[in-house]
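First up is the structure itself, then whatever we jot down about it.
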Amino acid sequence: MFARTLAGYHREVTTTPAAASGHAIRTLQQRKLQLIRQHRAEQQRLVRELQAGLAQIDQLMAEAADGSLALPCLVSPVTSPGTAVYHSKDQPCGWVWIHSLDAFEECPEHDALQRHPTRCTACDWKTAATTYAHNNAQGS
Numbered sequence: 001m002f003a004r005t006l007a008g009y010h011r012e013v014t015t016t017p018a019a020a021s022g023h024a025i026r027t028l029q030q031r032k033l034q035l036i037r038q039h040r041a042e043q044q045r046l047v048r049e050l051q052a053g054l055a056q057i058d059q060l061m062a063e064a065a066d067g068s069l070a071l072p073c074l075v076s077p078v079t080s081p082g083t084a085v086y087h088s089k090d091q092p093c094g095w096v097w098i099h100s101l102d103a104f105e106e107c108p109e110h111d112a113l114q115r116h117p118t119r120c121t122a123c124d125w126k127t128a129a130t131t132y133a134h135n136n137a138q139g140s
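Sequential numbering of the sequence shown, starting at 1, is according to the working numbering.
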């Protein structure tokens with residue numbers, strides 16, 4: 001179809017006076033711009049589709065990492081009131097920074113659960129799970 005259209009424009013350009021030639025050129029320029037716009041719109045749609053697919057996979061990876069109980073955690077070596085939680089190693093809350101990383105022991109979440117009953121609600125566990133999933137995937 002496109003080749004036929006161009007052939008028609010070619011006949012029009014070669015068989016009409018100079019004034020009509022300008023119209024044919026403008027028509028071809030408009031067609032060229034239309035093709036560029038269509039291509040760009042398709043590329044943008046494909047990029048959005050790719051980004052959505054990657055975001056969905058990242059979410060599933062984070063959920064898998066979060067459910068594995070292998071996330072690196074920080075636990076206090078001494079248990080006292082107020083230390084009945086364990087913290088994220090990758091995305092710790094301010095409490096960890098105030099008390100220094102040296103005040104905590106690192107272990108996987110499975111081991112942390114044996115010593116402290118719950119996760120710290122101030123730590124960013126979602127980001128920690130995403131970080132862990134990406135780091136774990138890099139090592140595979």
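Cβ coordinates follow ideal geometry from the N, Cα and C atoms, glycine included. Bear in mind the structure is a predicted one, so any value in this text is a computation, not a measurement.
Around the Cβ of W97, are there at least 16 other Cβ atoms within 10 angstroms (buried) or fewer (exposed)? exposed
Would you mind working out which of P117, E109, Q114 sits nearest D66, comparing C-alpha positions? E109
Less than 7 Å between C-beta atoms, sequence neighbours within five positions excluded: which residues of the same chain meet that for P117? A84
Environment of L71 [buried if 16+ CB atoms lie within 10 Å]: buried
Does the Cβ-Cβ distance between A112 and C73 come in under 7 Å? yes
If the criterion is Cβ atoms closer than 7 Å, does the pair H87 and C120 meet it? yes
Please classify A62 as buried or exposed, where buried requires at least 16 other C-beta atoms within 10 Å of its C-beta. buried
Beta strand (DSSP E) segments (min. 3 residues) lying fully within the region 36-117: 72-75, 85-88, 105-108
Paired residues, beta bridge with R119 - DSSP: Y86
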